[in-house]
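Shown next, in structure tokens, is the structure this report addresses.
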Amino acid sequence: MRRRAFGVAALVVTGLLGGGAAQAQEYRAFWVDTFNTALNTHTNVLAVVNNARLANANALLVQIRRRGDAWYLDSLEPLPDFLPIPAGFD
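Numbering that gives the first Met the number 0 numbers the first residue of the sequence shown as 0 and each following residue consecutively.
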């Protein structure tokens, strides 16, 4: 019985210690603010994504609300008033 308990304990410890050999994922992200970055056309959005890819980023955190306006189509929130946004662009 002691051998079995020791064997189970050895397997558990080996499993716990062996898991540390896996490489942790990296999180390389950029914050994209809508105060200084134009995101009102498909071309602007592609430029931001392509620049992030060139910098080897794997995530973008995009600000979609600024001052009570919304950079997405919503009937409850107004669109930004300082940049023209093409009809239907979301």
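By construction, the Cβ of each residue, glycine as well, lies at the ideal position given by its N, Cα and C atoms.
Could you check the C-alpha separation between residue i and residue j for me, to the nearest Å?
i          : j          : result
residue 49 : residue 67 : 29 Å
residue 23 : residue 79 : 40 Å
residue 38 : residue 27 : 21 Å
residue 74 : residue 44 : 22 Å
residue 47 : residue 25 : 20 Å
residue 42 : residue 57 : 20 Å
Who are the near neighbours of residue i in its chain, counting only those whose CB is closer than 7 Å to its CB and skipping five residues on each side?
i          : result
residue 15 : The predicted model places residue 15 with a pLDDT of 49, which falls under 50 and marks its position as unreliable, so this point remains unresolved.
residue 55 : 27
For residue i, which residues from the same chain have a beta carbon less than 6 Å from its beta carbon, with the 5 sequence-adjacent residues on both sides left out?
i           : result
residue 59  : 29, 31 and 51
residue 147 : No statement about residue 147 is possible, as the shown extent of the chain runs from 0 to 89 and does not include it.
residue 36  : none
Along the chain, where does the beta strand (DSSP E) containing residue i start, and where does it finish?
i          : result
residue 59 : 58 to 61
residue 51 : No beta strand (DSSP E) holds residue 51; the alpha helix (DSSP H) holding it covers 41 to 53.
residue 29 : 28 to 31
Tell me whether the beta-carbon of residue i lies closer than 8 Å to the beta-carbon of residue j.
i          : j          : result
residue 62 : residue 33 : yes
residue 76 : residue 69 : yes
Enumerate in chain order the residues of its own chain whose CB-to-CB distance from residue i is below 8 Å, with the five nearest sequence positions on each side excluded.
i          : result
residue 53 : none
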